[in-house]
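This report concerns only the one structure given below.
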Amino acid sequence: MIENNNEKILILDFGSQYAQLIARRVRENNVFSEIVSHNITANEIRQINPKGIILSGGPASVYVNNAPKCETAIINLGIPVLGICYGMQLGCQMLGATVKPTKTREYGRTSCTINNNSNLFKSLSKDIVVWMSHGDQVVELPQEFESIAHTNNCPYAAIKHKHKAFYGVQFHPEVTHTPLGINIIRNFLYGICGCNGKWKIHSYIEKSVNDICKQVGKAKVVCGLSGGVDSAVTAALINKAIGRNLSCIFVDNGLLRNYEAEEVIKTFRDNFTVDLHTIDAKERFLTKLEGVTDPEKKRKIIGHEFIEVFKEEAKKISGVKFLAQGTLYPDVIESIPAHGGPTVTIKSHHNVGGLPAELEFELIEPLRFLFKDEVRKIGEELGMPEILVWRHPFPGPGLAIRIIGEVTKQRLDIIRNADKVVIEEVQKANLYRSIAQCFAVLLPMSTVGVMGDERSYENVIAIRAVETTDFMTADWYRIPNELLGLISSRITNEVKGVNRVVYDISTKPPSTIEWE
Ligand code: XMP
Numbered sequence: 000m001i002e003n004n005n006e007k008i009l010i011l012d013f014g015s016q017y018a019q020l021i022a023r024r025v026r027e028n029n030v031f032s033e034i035v036s037h038n039i040t041a042n043e044i045r046q047i048n049p050k051g052i053i054l055s056g057g058p059a060s061v062y063v064n065n066a067p068k069c070e071t072a073i074i075n076l077g078i079p080v081l082g083i084c085y086g087m088q089l090g091c092q093m094l095g096a097t098v099k100p101t102k103t104r105e106y107g108r109t110s111c112t113i114n115n116n117s118n119l120f121k122s123l124s125k126d127i128v129v130w131m132s133h134g135d136q137v138v139e140l141p142q143e144f145e146s147i148a149h150t151n152n153c154p155y156a157a158i159k160h161k162h163k164a165f166y167g168v169q170f171h172p173e174v175t176h177t178p179l180g181i182n183i184i185r186n187f188l189y190g191i192c193g194c195n196g197k198w199k200i201h202s203y204i205e206k207s208v209n210d211i212c213k214q215v216g217k218a219k220v221v222c223g224l225s226g227g228v229d230s231a232v233t234a235a236l237i238n239k240a241i242g243r244n245l246s247c248i249f250v251d252n253g254l255l256r257n258y259e260a261e262e263v264i265k266t267f268r269d270n271f272t273v274d275l276h277t278i279d280a281k282e283r284f285l286t287k288l289e290g291v292t293d294p295e296k297k298r299k300i301i302g303h304e305f306i307e308v309f310k311e312e313a314k315k316i317s318g319v320k321f322l323a324q325g326t327l328y329p330d331v332i333e334s335i336p337a338h339g340g341p342t343v344t345i346k347s348h349h350n351v352g353g354l355p356a357e358l359e360f361e362l363i364e365p366l367r368f369l370f371k372d373e374v375r376k377i378g379e380e381l382g383m384p385e386i387l388v389w390r391h392p393f394p395g396p397g398l399a400i401r402i403i404g405e406v407t408k409q410r411l412d413i414i415r416n417a418d419k420v421v422i423e424e425v426q427k428a429n430l431y432r433s434i435a436q437c438f439a440v441l442l443p444m445s446t447v448g449v450m451g452d453e454r455s456y457e458n459v460i461a462i463r464a465v466e467t468t469d470f471m472t473a474d475w476y477r478i479p480n481e482l483l484g485l486i487s488s489r490i491t492n493e494v495k496g497v498n499r500v501v502y503d504i505s506t507k508p509p510s511t512i513e514w515e
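Counting with numbering that gives the first Met the number 0, you get residues 0 to 515 for the letters of the sequence shown.
Okay, here's the thing in structure tokens:
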């Protein structure tokens with residue numbers, strides 16, 4: 000477990016879509032936070048000894064059978080507790096309040112009036128805007144509580160217990176639609192929990208490096224570099240801890256973007272002292288993909304071939320005990336069942352196509368408590384180039400699933416060159432960081448065109464650009480028309496074999512981000 004100053008906030012998850020957001024807001028205030036199942040016991044919490052506890056929201060109603068609960072003893076530990084929405088209702092119910100469905104449900108922006116100067120609202124004006132999203136609310140409060148804020152429809156928009164450090168807010172301070180929500184969270188962390196806010200990415204790096212040294216000792220670690228930021232930062236952190244006892248394996252499967260392989264190799268050769276093994280497996284992958292058009296078959300072949308190549312190379316390195324992986328916190332959280340069960344199990348697809356099981360190495364995952372933006376900050380602190388740190392996500396099967404139909408060398412050249420134009424122009428227009436992912440797709444068809452006085456019958460490129468934070472849902476990005484025009488004309492002029500460019504304006508759902 001990695002944290003600094005032993006200062007931690009535990010977030011008990013009752014199935015809220017905002018649990019991750021709460022964790023991020025706490026960390027943005029320089030306090031480490033961790034999401035745990037609501038089934039955690041008071042005893043376990045006592046051992047962890049957090050500075051504060053947040054009970055998240057959740058989709059259930061506290062009065063129904065099987066509603067997710069937590070031990071009442073948690074509220075009596077003497078550790079400050081903040082209940083948010085469902086978390087407030089649950090805490091209040093456990094302490095004797097009544098919760099019922101509301102007559103008028105409150106959703107969206109709502110004016111909220113602060114009743115008195117509670118330290119939760121320190122330095123806030125009397126009237127604030129908050130984001131509400133509830134169909135139930137506390138209707139009766141025992142004497143030991145006081146209401147510290149209300150709205151037109153909700154007399155207990157925020158409450159505090161008179162004798163225990165229990166606070167509750169019916170609204171969501173973690174979302175940006177509650178403009179002063181971050182101040183409320185800060186008041187809870189600093190004014191109520193007494194946090195000192197020394198959690199910084201830099202101290203995280205130091206702590207992480209120490210932990211890796213302790214875990215690994217003199218053993219060797221092997222890490223697969225993919226070209227993406229997660230595996231690169233994983234390798235950089237481990238390298239800082241154990242130097243050349245880290246061996247990195249970079250498999251060039253021929254399905255990478257323009258100059259991607261060269262950039263990764265150069266970054267690690269120039270900046271780190273790792274034992275770098277680069278394997279040119281381009282032909283091997285192409286041969287296996289010959290004649291294959293089914294997307295899932297492509298994925299399986301590529302995943303399987305990667306394991307084979309990686310295994311062959313890893314076996315050549317003697318004394319390897321650990322396999323490093325760039326698993327991130329959202330992957331870990333997703334695998335915590337909101338309604339109980341064992342805490343953390345990693346989803347199988349994050350085990351790089353089953354590598355750990357096959358190789359019987361112990362896993363080492365230095366990023367498993369970090370969000371993507373925190374990983375990027377670490378990358379920057381460790382001196383990694385911007386191009387690597389801010390690179391858009393790229394699927395494991397690479398360009399193979401952006402070529403609809405058969406993957407051939409010629410079609411790879413077309414897609415790589417078209418993709419290069421898209422990325423170059425988006426970067427020049429300073430839009431690269433506002434777009435979550437953008438790329439070119441090669442369609443399995445030819446269309447008629449005219450070039451000079453000649454008829455042409457050539458390929459179609461589709462451009463895809465999306466905005467999203469979680470990649471589960473996405474909107475198509477409104478690239479300005481002039482820029483789209485520029486990209487289109489550059490592709491048809493510069494990429495041999497293309498005479499038509501189209502723009503994908505579908506959202507996810509019903510579409511997906513990738514075309515295959
Ligand atoms: P979709 O297409 O499902 O993509 O909307 C969501 C995110 O996942 C990436 N993606 C993949 N990543 N292996 C991966 O490692 C895959 O097979 C794969 N398919 C999609 C996609 O690029 C997007 O970021």
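From the three backbone atoms N, C-alpha and C, an ideal C-beta is built for every residue, glycine too.
What's the call for residue i, buried or exposed, on a 16-neighbour Cβ count within 10 Å?
i      : result
Tyr17  : buried
Val351 : Note that Val351 scores 43 on pLDDT, short of 50, meaning its location in the model is unreliable; the coordinates nonetheless yield the value given after this. Result: buried.
His162 : exposed
Met383 : buried
Lys133 : Here the sequence assigns His to residue 133, which means Lys is not the residue at that position. Buried is the call here.
Gly451 : exposed
Asn42  : exposed
Lys346 : Model confidence at Lys346 stands at a pLDDT of 29, short of 50, so the residue's coordinates are unreliable; what they give is reported in the following sentence. That one is exposed.
Lys125 : exposed
Pro396 : buried
His37  : buried
Asn252 : buried
Arg499 : buried
Ser230 : buried
Val63  : exposed
Lys495 : exposed
Pro458 : Sequence check: residue 458 is Asn here, not Pro. So Asn458 counts as buried.
Met93  : buried
Gln19  : buried
Report whether the distance from the Cβ of residue i to the nearest heavy atom of the ligand XMP is below 6 Å.
i      : result
Arg243 : no
Gly86  : no
Phe470 : yes
Lys507 : yes
Pro100 : no
Arg256 : no
Thr467 : no
Glu513 : yes
Gly397 : no
Ile375 : Residue identity check: residue 375 is Arg in the sequence provided, not Ile. For the ligand XMP, not one heavy atom lies less than 6 Å from the Cβ of Arg375.
Pro154 : no
Mind checking which residues open and close the alpha helix (DSSP H) that includes residue i?
i      : result
Val273 : Where Val273 is concerned, there is no enclosing alpha helix (DSSP H), given that its DSSP letter is neither H nor E.
Asp412 : Lys408 to Lys427
Leu482 : Asn480 to Glu493
Ile306 : Pro294 to Lys315
Ala18  : Ala18 to Glu27
Glu289 : That residue, Glu289, is in no alpha helix (DSSP H); it is neither H nor E in DSSP.
The beta strand (DSSP E) that contains residue i, what's its start and end?
i      : result
Ala439 : Gln436 to Met450
Lys159 : Ala157 to His160
Asp135 : Asp126 to Glu139
Thr97  : Thr97 to Ile113
Asn64  : No beta strand (DSSP E) contains Asn64, which DSSP labels as neither H nor E.
Asp12  : Lys7 to Asp12
Using a Cβ-Cβ distance under 7 Å, would residue i count as near chain C?
i      : result
Ile306 : In the structure shown, chain C does not exist; there is a single protein chain.
Please determine if the region 181-192 and the region 115-131 are in contact, where contact requires at least 3 C-beta pairs separated by less than 8 Å.
-> yes
If we count Cβ pairs, one from each stretch, closer than 8 Å, do we get three or more for the region 415-432 versus the region 481-491?
-> A contact exists between the region 415-432 and the region 481-491.
Could you tell me whether the region 65-78 touches the region 236-247, where touching means 3 or more Cβ pairs closer than 8 Å?
-> no
Do the region 16-36 and the region 189-207 touch if we need at least three Cβ pairs shorter than 8 Å?
-> yes
Any contact of the region 307-323 with the region 409-418, i.e. 3+ C-beta pairs under 8 Å?
-> Contact between the region 307-323 and the region 409-418 is absent, because fewer than three Cβ pairs lie under 8 Å.
Could you say if the region 217-234 and the region 286-297 meet the contact criterion of at least three C-beta pairs nearer than 8 Å?
-> Contact check between the region 217-234 and the region 286-297: fewer than three CB pairs, one atom from each, fall below 8 Å, which does not count as touching.
Counting pairs of beta carbons, one from the region 247-257 and one from the region 361-379, are three or more of them closer than 8 Å?
-> no
Contact between the region 133-145 and the region 3-15: three or more CB pairs below 8 Å?
-> Contact fails: fewer than three Cβ-Cβ distances are below 8 Å.
Evaluate the contact criterion for the region 149-166 versus the region 106-115: three or more CB pairs, one atom per stretch, below 8 Å.
-> yes
Do the region 500-514 and the region 460-468 touch if we need at least three Cβ pairs shorter than 8 Å?
-> As far as the Cβ criterion goes, the region 500-514 touches the region 460-468, which means the pair count is three or higher.
Below 8 Å, can you find three or more Cβ-Cβ pairs linking the region 210-230 to the region 83-90?
-> no
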